[in-house]
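Residue numbers (UniProt numbering): 1 to 580.
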C-alpha cells in the first residue's frame, strides 16, 4: 500500500508573542440550529442551545406532497430529545434555503429509527450544497450500526461564495416505501483561515477529530464553532496505550501565528506519550489507526503542546512522525519550535489515498528520534484532526459500510434460531468445543498481535533509513556543480531516454545517478519515460532503486536516483564473468 504525502509544517522563525487562553473564544456571525420536523418555535437542547423549527427555511420550489414530519417510534434514554426525536421526511427532492456569510460549516444529525412505520434501513439520502455532493446514497441505519451508536452526525466545511446557500435533500432508493430523512441541521460560520490554505475551492468532511490522552470534549466546550472531540483510546493499535499526561493548571498561551480559536484549551491540557523507560520506548511506536475512504485527498492536522514539567529545554525530547509507514517529519522538538512549555503549535500534512475497493486504515505513528540523542527517548501528541477533501468534481461522498448478517435492502434485523431437539449431551459437547475454540482463538490472537507489533517495529526501523516524500527539488546550478557541468568524465552510460551520470551529493555522503532526458526524444519514448516516473512515484520498497529528486530548470528534465554500487540485477545475471 502506498500513499502520497505532502507536508505543510507550521513553525516559528522567532520568539512568538503569546496570548492567553481567555482570548480563545470565536463569535460566529451566524449560528442556525434547526430541529427538523418540529412545530415548536423554540426548543432547548440538553447542552443549552436553542433550536428552532425548519419551516422558515423551506425553498420556494418545494411541493407540499414532497415532505412530511414524523416522531421516532422508539425513544432511547441515551438519545437527546432535541434534535433527534422528530424527523423531516422527504419523498422527493427538497431544498432548504439559507442566507449566510462566506465560510460556513454544516452538521447533519440523524437518529435512524422507524418513522411512519417504515424502518430507517429503507432510507437512502443524497445531499448537495451548490456544486458539492456531501452525501450520496447515505444510509443512516448502516452507518450508526457500524459505529455502534444509536444516533450520529456528519460534519462538513464548505466555503459559501455568495450570501445564499441551498441544501438539497433527495431520496435515492427505488424500494417500496423508500424515503429520506434528517433530524437536525446546524450551520455555523467559522474563520476563513481556520483550515483553508490559499483558495477555498474545495469542500471538506470531518472524518476524525480526537482529543489525545484526554476525555471527550463536547461542542459546548469548543471555541465557539461547536466542534466535538472524541477520546483517542478506540483508535490506538493493540495494547500500547503509552502514558496519559495532563496538566489542568496549565496556562496555555497561544503564539501570534496560531489563532487562539484553533483548538480549545482542553486539547492542550492533556496528551499521550510513550512513557518514561527509554529501554522500552526505543523498541515500539505509539500508534493509531483511522479508517478512511479510498480515492480521496486528506488533510491531517496534529496538535502539539509540551506540558511536561520535567521538559523545558531543547533536545530533551525529539521524535519522528510516520504516516502509513512513511517518515513525514524527523526530530520534532516542541520546545525548540515554541520556545517554552504550554505553548501550542500544529502541523498540517496532506495525503492521497489511492483508488482501492475497500476502506483504508491510515496509520499514524510516533517514535523517538535516536539520531539526535535526546535526553528522553519519548514522543507526545495532544490532538489530531483528519478531513476528507472534495475531489475535482466536488464529491465528498463515500460508501455505506457493509454489515454481516444484516440486509442493506430490507433492513431486517438478524434472526437467530435454535433447535429444540438437541439433547443435553449434544449441548455439553458444543459448550466444550466452543471453549476449546475460544482458547485456541485467544492464543492465536496473542501470537498474531505480538508478530504484527514486531513486524511493525521492524518496518518502521527500515523506513527510518529510507528517503521520505516529498522528493527533493535540485537547482540546475547544483546539478551542474555536482557533475562538473555535464563533464563527459562523469558520464556513466547512454540510456534509452538520455544520458546517465554518476556522482555524489550532500558533501559526498550519498552516491547517486543522474538521468538527463534527451530533448529530441521520440513521442513514444517520452510516454514510456513518463510511465516509468509514475511507477517510481507509486512503488517504494527497500529492494527497489529509489527516486531521490528532480530538476526542471532551463528546459532541462533531470531525475536523481539512488546509486547501485554493485550494478543492476540485469548486469549481475548476464555479465558476471566480465565483472569477475
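Every residue gets a Cβ at the ideal spot worked out from N, C-alpha and C, and that includes glycine.
Just so it is clear, the structure is predicted and the values come from calculations on it, not from any experiment.
Residue 337 - containing alpha helix (DSSP H), residue span: 334 to 338
Under 9 Å between C-beta atoms of residue 473 and residue 551: yes
Simplified DSSP state of residue 15, which is helix, strand or coil: Note on residue 15: pLDDT 37, under 50, position unreliable in the model; no value is reported.
Closest by C-alpha distance to residue 338, when choosing among 351, 187, 303: Checked all of 351, 187, 303; the closest Cα to residue 338 is 303.
Residues near residue 269 by beta carbon distance below 8 Å, same chain, minus five either side: 214, 246, 247, 248, 250, 252, 307
C-alpha distance - residue 557 paired with residue 548, whole-angstrom precision: Approximately 14 Å, taken between the alpha carbons.
Residue 491: first and last residue of the uninterrupted beta strand (DSSP E) it sits in: Judged by DSSP secondary structure, residue 491 falls within the beta strand (DSSP E) whose first and last residues are 491 to 494.
N-terminal and C-terminal residue of the beta strand (DSSP E) that residue 184 is part of: Note, residue 184: beta strand (DSSP E), 184 to 189.
Check whether residue 44 and residue 95 have beta carbons under 9 Å apart: The beta carbons of residue 44 and residue 95 sit no closer together than 9 Å.
Cβ pair count under 8 Å reaching 3, the stretch 323 to 333 against the stretch 279 to 297: no
Candidates 47, 74, 33: closest to residue 585 by CA position: In the structure as shown, the chain starts at 1 and stops at 580, and residue 585 therefore has no counterpart that could be examined.
Residues that residue 512 bridges to, as DSSP identifies them: Residue 512 pairs with 503, 562.
Distance CB(residue 396)-CB(residue 290) smaller than 9 Å: no
Which residues DSSP lists as bridging residue 127, in chain order: 135, 169
Spatial neighbours of residue 274 in its chain, beta-carbon cut-off 6 Å, leaving aside the 5 residues before and after: 242, 281, 286, 378, 379
For residue 86 and residue 150, the rounded distance between their alpha carbons: 14 Å
Under 9 Å between C-beta atoms of residue 400 and residue 297: Cβ distance not < 9 Å, so residue 400 and residue 297 don't count as in contact.
CA nearest to the CA of residue 583, picked from 505, 386, 499: The structure shown does not extend to residue 583, since the chain spans only 1 to 580, so no value can be given for it.
Three or more C-beta pairs below 8 Å linking the stretch 118 to 137 and the stretch 56 to 69: no
Other residues of its chain near residue 564: CB distance less than 8 Å, five sequence neighbours each side excluded: Taken in chain order, the residues that qualify are 513, 545.
For residue 335 and residue 240, the rounded distance between their alpha carbons: 25 Å
First and last residue of the uninterrupted beta strand (DSSP E) at residue 267: Unbroken run through residue 267 is the alpha helix (DSSP H), 265 to 269; no beta strand (DSSP E).
Coarse secondary structure for residue 109, derived from DSSP in three states: strand
Buried versus exposed call for residue 118 [16 or more other C-beta atoms within 10 Å across all chains shown]: buried
Stretch pair the stretch 210 to 226 + the stretch 139 to 150: three plus CB contacts closer than 8 Å: Judged by Cβ distances under 8 Å, the stretch 210 to 226 makes no contact with the stretch 139 to 150, as fewer than three pairs qualify.
Straight-line gap, residue 132 to residue 293 (C-alpha atoms, nearest Å): 17 Å
Start-to-end residues for the alpha helix (DSSP H) that takes in residue 279: 278 to 281
Presumed contact (8 Å Cβ cut-off) between residue 193 and residue 106, rounded CB distance: Actually they are not in contact, since the Cβ atoms of residue 193 and residue 106 sit about 19 Å apart, beyond 8 Å.
Coarse secondary structure for residue 144, derived from DSSP in three states: helix
Residues bridged to residue 329 (per DSSP): In the DSSP assignment, the residues bridged to residue 329 are 321.
Range of the contiguous alpha helix (DSSP H) that encloses residue 482: First-last of the alpha helix (DSSP H) with residue 482: 476 to 482.
Beta-carbon proximity check, residue 581 vs residue 231, cutoff 9 Å: Here the chain covers residues 1 to 580 and nothing more, so residue 581 does not appear.
Beta-carbon proximity list for residue 17, same chain, < 8 Å, skipping 5 on both sides: Because residue 17 sits at a pLDDT of 49, beneath the cut-off of 50, its placement in the model cannot be relied upon, and the following sentence gives the value as read from the coordinates. Answer for residue 17: 255, 256, listed in chain order.
For residue 35, the first and last residue of its enclosing beta strand (DSSP E): 31 to 35
Short Cβ contact (9 Å threshold) for residue 200 with residue 103: Yes, they are a contact pair.
Anticipated Cβ contact below 8 Å, residue 91 with residue 171, distance rounded: Confirmed, Cβ separation roughly 7 Å.
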